[in-house]
Amino acid sequence: MDLLDILTDKGLRREPPTREEALAVLATTDDQLLDVVAAAGRVRRQWFGRRVKLNYLVNLKSGLCPEDCSYCSQRLGSKAEILKYTWLKPDQAAEAAAAGVAGGAKRVCLVASGRGPTDRDIDRVADTIAAIKDADENVEVCACLGLLSDNQAERLKAAGADAYNHNLNTSESTYGDITTTHTYADRVDTVTKAHGAGLSACSGLIAGMGESDEDLVDVVFALRGLDPDSVPVNFLIPFEGTPLAEEWNLTPQRCLRILAMVRFVCPDIEVRIAGGREVHLRSMQPLGLHIANSIFLGDYLTSEGQAGQADLDMIKDAGFEVEGAEQTTLPRHRVPAGSGCGGHQEAEACGTGGGCGTGCGPCGGHGAEATAAGEAGGAASGAVETAGAGTAGAEDEARTDLVRVRRRGAGTELAPNA
Ligand code: SF4
Numbered sequence: 001m002d003l004l005d006i007l008t009d010k011g012l013r014r015e016p017p018t019r020e021e022a023l024a025v026l027a028t029t030d031d032q033l034l035d036v037v038a039a040a041g042r043v044r045r046q047w048f049g050r051r052v053k054l055n056y057l058v059n060l061k062s063g064l065c066p067e068d069c070s071y072c073s074q075r076l077g078s079k080a081e082i083l084k085y086t087w088l089k090p091d092q093a094a095e096a097a098a099a100g101v102a103g104g105a106k107r108v109c110l111v112a113s114g115r116g117p118t119d120r121d122i123d124r125v126a127d128t129i130a131a132i133k134d135a136d137e138n139v140e141v142c143a144c145l146g147l148l149s150d151n152q153a154e155r156l157k158a159a160g161a162d163a164y165n166h167n168l169n170t171s172e173s174t175y176g177d178i179t180t181t182h183t184y185a186d187r188v189d190t191v192t193k194a195h196g197a198g199l200s201a202c203s204g205l206i207a208g209m210g211e212s213d214e215d216l217v218d219v220v221f222a223l224r225g226l227d228p229d230s231v232p233v234n235f236l237i238p239f240e241g242t243p244l245a246e247e248w249n250l251t252p253q254r255c256l257r258i259l260a261m262v263r264f265v266c267p268d269i270e271v272r273i274a275g276g277r278e279v280h281l282r283s284m285q286p287l288g289l290h291i292a293n294s295i296f297l298g299d300y301l302t303s304e305g306q307a308g309q310a311d312l313d314m315i316k317d318a319g320f321e322v323e324g325a326e327q328t329t330l331p332r333h334r335v336p337a338g339s340g341c342g343g344h345q346e347a348e349a350c351g352t353g354g355g356c357g358t359g360c361g362p363c364g365g366h367g368a369e370a371t372a373a374g375e376a377g378g379a380a381s382g383a384v385e386t387a388g389a390g391t392a393g394a395e396d397e398a399r400t401d402l403v404r405v406r407r408r409g410a411g412t413e414l415a416p417n418a
């Protein structure tokens, strides 16, 4: 059987590919790219129909982080000329969130720079969640506050948070090359704490940091092992003033292969195109919608996205629909019993669901925006031609012209982009 037939068949049955099959997806040629997108698209439609979930980032606290994540514009020593401000007040954050919700977002992602929250910070975020839910009780709220201490996840849950985001970002074996002030194990621990507290776990990766295909496959299988509800796939925005400013390694084709690999490994999990969508996928963004079922609306944490209306137009033009608050993101079998969320019939693939919706959040600050998100033999030797093991994709040109530091929305006097 052809590699893509195998992967489609497995995805429709919620069976993961082998590691060799996942690597083979990353090594497919440009001639095979539309077939790869079509195969991943069949799996996407089986579990999520043609719905696109919109998420909206609110950067509660920007810059001045003591951590040294190389990809992040908010890191210790960053020379990126980003907005820097301390905690937004709850009403300021709620106002920014309301703009995103009015634009079509069903989830608001509250992000703060820093190693992790103090107990006082949890109180602030609890007040912010209350302000957002007072305005609209149906809004899903995801917090992204860094490493969690004991009981903080439980406190966020009690305050009304629906989800918690903390990305693994890259493989365990290369994590120390990216960050020295905390460890991969610290990140796994926080995702586990969020999960244990009953928060919907959101954890993803950043591609384009110089990693190998093996690293990408490692981190995606590790994410699957943590059983998140959503996986944000960030494409590094090489910010001037950060150590990874020269890492322009991605092409639109490479990004689509990475998204497809994530979809095959996580067939029934929300896959979100996160930071770097406009910078790296560029005019190929609509093809990404055939693979991923979720994006961020409008701007990111420290960089600007395309206009929110352009996001909505793109979704409509590509033949997809914005997922409504009354629709459930995840397939029925992934919605916890007693959650009140209807979920979808597995076989009906998607349409409209009932209930609340679980799913997951972002991340930029702790994600990639750098801003701040069996038949093995058959796979490798299958009918799909590959471009060769370890293919990192053709080098992308540096599109610094597409990187715009955020100058509007939260922390400014200007209206948010939504
Ligand atoms: S990713 Fe988060 S912890 Fe790391 S430097 Fe950026 S804001 Fe700080």
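Per UniProt numbering, residue 1 is the first one in the sequence shown, and the count goes up by one each step. Glycine residues also receive a C-beta, built at the ideal position from the N, C-alpha and C atoms. Quantities reported herein were computed from a predicted structural model and do not represent experimental measurements.
- Task: Express the C-alpha separation of Glu397 and Gly196 in angstroms, rounding to a whole number.
- Result: Near 43 Å, if we compare the C-alpha coordinates of Glu397 and Gly196.
- When you compare each of Glu211, Thr302 and Ser62 to Leu26 by their alpha carbons, which one comes out closest? Per the Cα distances, Glu211.
- Message: Between Thr190 and Leu223, how many whole angstroms is the CB-CB distance? I'm expecting something under 8 Å.
- Response: Thr190 to Leu223, Cβ: 13 Å. No contact.
- Candidates Ala415, Gly409, Val405 and Leu256: closest to Asp81 by CA position: What sits at residue 81 in the sequence shown is Glu, not Asp. Nearest to Glu81 by C-alpha distance, out of Ala415, Gly409, Val405 and Leu256, is Val405.
- 8 Å contact criterion, which Val279 and Ala292 should meet: CB distance rounded: No, Val279 and Ala292 are not in contact; Cβ-Cβ is about 16 Å, not under 8 Å.
- Report the residue from Gln46, Val58, Pro117 and Asn59 whose alpha carbon sits nearest the alpha carbon of Pro66. The shortest C-alpha separation from Pro66 is found at Pro117.
- Assigned exposure category for Arg254 - 16 Cβ within 10 Å defines buried: Result: buried.
- Neighbour-count burial assignment, Gly225, 16 or more Cβ in a 10 Å radius: Gly225 should be labelled exposed.
- Report yes or no: is there a C-beta of chain C within less than 8 Å of the C-beta of Lys157? Of the chains in the structure shown, none is chain C; there is only one protein chain.
- Look up Arg107 in the DSSP assignment and give the residues it is bridged to. For Arg107, the beta-bridge partners assigned by DSSP are Asn55 and Glu140.
- Message: Tell me which residue opens and which closes the alpha helix (DSSP H) that Cys233 is part of.
- Response: Reading the sequence as shown, one finds Val at residue 233 and not Cys. Not the alpha helix (DSSP H): Val233 falls in the beta strand (DSSP E), residues Ser230 to Phe235.
- For Leu287, which of Val220, Asp9, Gly160 and Arg50 has the nearest alpha-carbon? In terms of CA proximity to Leu287, Arg50 leads the group Val220, Asp9, Gly160 and Arg50.
- Message: With a threshold of 7 Å (Cβ to nearest heavy atom), would Ser113 be considered close to the ligand SF4?
- Response: Under cutoff, so the answer is yes.
- Message: With three or more beta-carbon pairs closer than 8 Å as the criterion, would you say the stretch 182 to 189 touches the stretch 72 to 81?
- Response: Between the stretch 182 to 189 and the stretch 72 to 81 there are fewer than three inter-stretch CB-CB distances shorter than 8 Å, so the stretches are not counted as touching.
- Heavy atom of the ligand SF4 within 7 Å of Leu109 beta-carbon: Here residue 109 turns out to be Cys, not Leu, going by the sequence shown. Not under cutoff, so the answer is no.
- Query: In terms of residue numbering, what span does the alpha helix (DSSP H) encompassing Cys255 cover?
  - Reply: Cys255 -> alpha helix (DSSP H) spans Pro252 to Val265.
- Query: Is the closest heavy atom of the ligand SF4 to the C-beta of Gly146 under 7 Å?
  - Reply: For the ligand SF4, at least one heavy atom lies less than 7 Å from the Cβ of Gly146.
- Exposed or buried, Ala245, counting other C-beta atoms within 10 Å across all chains shown (16 or more means buried)? Counting other Cβ atoms within 10 Å of its Cβ, Ala245 reaches 16 or more and is therefore classed as buried.
- Task: Evaluate the contact criterion for the stretch 136 to 156 versus the stretch 98 to 116: three or more CB pairs, one atom per stretch, below 8 Å.
- Result: Taking 8 Å as the limit for Cβ pairs, the verdict is that the stretch 98 to 116 does touch the stretch 136 to 156.
- Using the rule of at least 16 other Cβ atoms within 10 Å of the residue's Cβ for burial, across every protein chain shown, is Asp313 buried or exposed? By the neighbour-count criterion, in which a residue is buried when 16 or more other Cβ atoms sit within 10 angstroms of its Cβ, Asp313 is exposed.
- Query: Going by beta carbon distance, what residues of the same chain come within less than 7 Å of Val37, once the five residues before and after it are set aside?
  - Reply: The residues are Leu256, Ala260, Leu287, His290 and Ile291.
- Do Thr179 and Cys69 have their C-beta atoms within less than 8 Å of each other? Taking 8 Å as the Cβ cut-off, Thr179 and Cys69 qualify as a contacting pair.
- What did DSSP end up calling Thr328 once you bin it into helix, strand or coil? In this structure, DSSP gives Thr328 a state outside helix and strand, which the three-state scheme calls coil.
- Would you tell me roughly how many angstroms separate the C-alpha atoms of residue 420 and Ala194, rounded to the nearest one? The chain is shown only over 1 to 418; residue 420 falls outside these bounds and no answer can be derived.
- Query: Which whole-angstrom value describes the C-beta separation of Leu168 and Ile122, a residue pair presumed to lie in contact below a C-beta threshold of 8 Å?
  - Reply: Not confirmed; about 23 Å, so no contact.
- Just to confirm, does Glu154 get its C-beta within under 7 Å of one of the non-hydrogen atoms of the ligand SF4? Incorrect: Glu154 has no Cβ contact closer than 7 Å to the ligand SF4.
- Message: Output needed for Ala40: all residues of its chain with C-beta closer than 6 Å, excluding positions within five of it in sequence on either side, in chain order.
- Response: For Ala40, same chain residues with a beta-carbon under 6 Å away, outside a window of 5 residues either side, are Ala260, Arg263 and Ile291 in chain order.
- Would you list the one or two residues that DSSP bridges to Cys202? Cys202 pairs with Asn165 and Ser230.
- Query: For Ser113 versus Leu64, is the C-beta spacing smaller than 8 Å?
  - Reply: For Ser113 and Leu64, yes; Cβs fall inside 8 Å.
- Just confirm the distance between the C-beta atoms of Ala126 and Val141, as a whole number of angstroms; I'd bet it's less than 8 Å. Between Val141 and Ala126 the Cβ distance is about 11 Å, and since that is not below 8 Å, they are no contact.
- Task: Go to Ile295, then tell me how far its beta strand (DSSP E) extends in each direction, as first and last residue.
- Result: Residue range Ser294 to Phe296 is occupied by the beta strand (DSSP E) that includes Ile295.
- Message: Using the Cβ count rule (16 or more neighbours within 10 Å means buried), how would you classify Glu321?
- Response: With fewer than 16 other beta carbons inside 10 angstroms of its own, Glu321 counts as exposed.
- Beta-ladder partner(s) of Val271, from DSSP: In the DSSP output, where bridge partners are listed per residue, Val271 has Val231.
- Query: Are there 16 or more other CB atoms within 10 angstroms of the CB of Gly319, so buried, or fewer, so exposed?
  - Reply: With a 10 Å radius around the Cβ and a threshold of 16 neighbouring Cβ atoms, Gly319 comes out exposed.
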